[in-house]
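Asks: Note that the numbering used here numbers the sequence shown so that position 54 is 1378, with each residue one more than the last.
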Amino acid sequence: PEIWSYGHRSPQGLAMHPITGDLWESEHGPQGGDEINLIEPGNNYGWPVVGRGVNYGAFGRPIHVGISEEGMTNPTNFWVPSIATSGLMIYSGDKFPMWVGDIFSGSLAGEQLARLHMDDDYRNVVVEETLVYDVGRIRDVRQGPDGYIYLAVSDRQAGPTPIVRLEPVD
1325 PEIWSYGHRS PQGLAMHPIT GDLWESEHGP QGGDEINLIE PGNNYGWPVV GRGVNYGAFG
1385 RPIHVGISEE GMTNPTNFWV PSIATSGLMI YSGDKFPMWV GDIFSGSLAG EQLARLHMDD
1445 DYRNVVVEET LVYDVGRIRD VRQGPDGYIY LAVSDRQAGP TPIVRLEPVD
């Protein structure tokens, strides 16, 4: 085995970009500072030195020296407060042509599906949009072979986990 990158706190999702071949990752920060990262070999993504979260149960005191440091890679996108990122998917289907190349992240605490619209090089977030909310904790997001987007959703009462299919609206 080889260490590809380091400085990650709690990775939740990995996805290969279907157009560029780049590896992307979602991770939890502590009480804020959830991240989406473009993973490049040998890079240090900062944990535990830098981040945007605060200590649990320590009256919100920072636990990092700051939000960035020389030699550490900043996240492509982050959430404060935390949405508790989950599964990660990059769309390449034909049902939502305007979303090709965009990154999708489920959310446990935020109970939402975040869409990150990327620039022409597919390396930077241009627009963040919440597509689905209040359906429960979105554990995973996947593109099916049919081009539709599927969500694995759970509720806080540990009931059955439905699979939700997103379809275009005319």
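By construction, the Cβ of each residue, glycine as well, lies at the ideal position given by its N, Cα and C atoms.
The model shown is predicted, which means the values in this text are computed figures rather than measured ones.
Please confirm whether Asn1401 and Leu1338 have their CB atoms less than 8 Å apart.
Replies: To locate residue 1401, count along the sequence shown from 1; it is residue 77. To locate residue 1338, count along the sequence shown from 1; it is residue 14. Their beta carbons are not under 8 Å apart, which means Asn1401 does not touch Leu1338 by this criterion.
Asks: Run through the DSSP bridge pairs and tell me what Gln1336 is partnered with.
Replies: As a working mapping, residue 1336 is identified with position 12 in the sequence shown. Gln1336 pairs with nothing; no bridge assigned.
Asks: Taking 8 Å as the cut-off, decide whether the C-beta atoms of Gly1353 and Arg1333 are in contact.
Replies: Your numbering for residue 1353 matches position 29 in the sequence shown. Your numbering for residue 1333 matches position 9 in the sequence shown. Contact: yes.
Asks: What are the start and end residues of the beta strand (DSSP E) that includes Asn1361?
Replies: Taking the sequence shown and counting its residues from 1, one reaches residue 1361 at position 37. Run containing Asn1361: Asp1358 to Ile1363, per the beta strand (DSSP E) assignment.
Asks: Based on the DSSP secondary-structure assignment, which residues constitute the bridge partners of Thr1454?
Replies: Working through the sequence shown from its first residue, we reach residue 1454 at position 130. According to DSSP, Thr1454 bridges with Ala1438.
Asks: Could you tell me which of Ser1329, Pro1342 and Glu1326 sits nearest to Gly1425, measuring between CA atoms?
Replies: Here residue 1425 corresponds to residue number 101 of the sequence shown, with the count starting at 1. The candidate whose alpha carbon is nearest that of Gly1425 is Pro1342.
Asks: Let's see if you can read the secondary structure: which residues bound the beta strand (DSSP E) around Tyr1474?
Replies: To locate residue 1474, count along the sequence shown from 1; it is residue 150. Segment Ile1473 to Ser1478, the beta strand (DSSP E) holding Tyr1474.
Asks: Could you check the C-alpha separation between Glu1452 and Ser1392 for me, to the nearest Å?
Replies: Here residue 1452 is taken as the residue at index 128 of the sequence shown, counted from 1. Here residue 1392 is taken as the residue at index 68 of the sequence shown, counted from 1. Taking the straight line joining both Cα atoms gives about 22 Å.
Asks: So is Arg1376 buried or exposed if we call it buried at 16+ other beta carbons inside 10 Å?
Replies: Looking up residue 1376 in the sequence shown gives position 52. By the neighbour-count rule (16 or more Cβ atoms within 10 Å), Arg1376 is buried.
Asks: When DSSP builds the beta bridges, which residues end up paired with Leu1432?
Replies: Walking along the sequence shown from the start, residue 1432 turns up at place 108. Paired residue(s): none; Leu1432 is not in a bridge.
Asks: Could you give the residue range of the beta strand (DSSP E) that holds Arg1447?
Replies: Within the sequence shown, the letter at position 123 stands for residue 1447. No beta strand (DSSP E) holds Arg1447; DSSP gives it neither H nor E.
Asks: Buried or exposed for Asn1361, going by 16 or more other Cβ atoms inside 10 Å?
Replies: Within the sequence shown, residue 1361 is the residue found at index 37, counting from 1. Buried, because 16 or more other Cβ atoms sit within 10 Å of the Cβ of Asn1361.
Asks: For Gly1471 and Ile1414, what's the separation of their Cα atoms in angstroms?
Replies: Within the sequence shown, the letter at position 147 stands for residue 1471. Within the sequence shown, the letter at position 90 stands for residue 1414. Rounded to whole angstroms, Gly1471 to Ile1414 spans 12 Å at the Cα level.
Asks: In three-state DSSP terms, what is Pro1354?
Replies: One-based indexing of the sequence shown puts residue 1354 at position 30. If DSSP states are grouped into helix, strand and coil, Pro1354 belongs with coil.
Asks: Considering only the alpha carbon of each residue, which of Ile1487, Gly1411 and Trp1328 lies closest to Tyr1369?
Replies: As a working mapping, residue 1369 is identified with position 45 in the sequence shown. The shortest Cα separation from Tyr1369 among Ile1487, Gly1411 and Trp1328 belongs to Trp1328.
Asks: Anyone know if the C-beta pair for Val1374 and Arg1385 falls short of 8 Å?
Replies: Translated into positions along the sequence shown, residue 1374 becomes position 50. Translated into positions along the sequence shown, residue 1385 becomes position 61. Against a cut-off of 8 Å, the Cβ pair of Arg1385 and Val1374 comes out as no contact.
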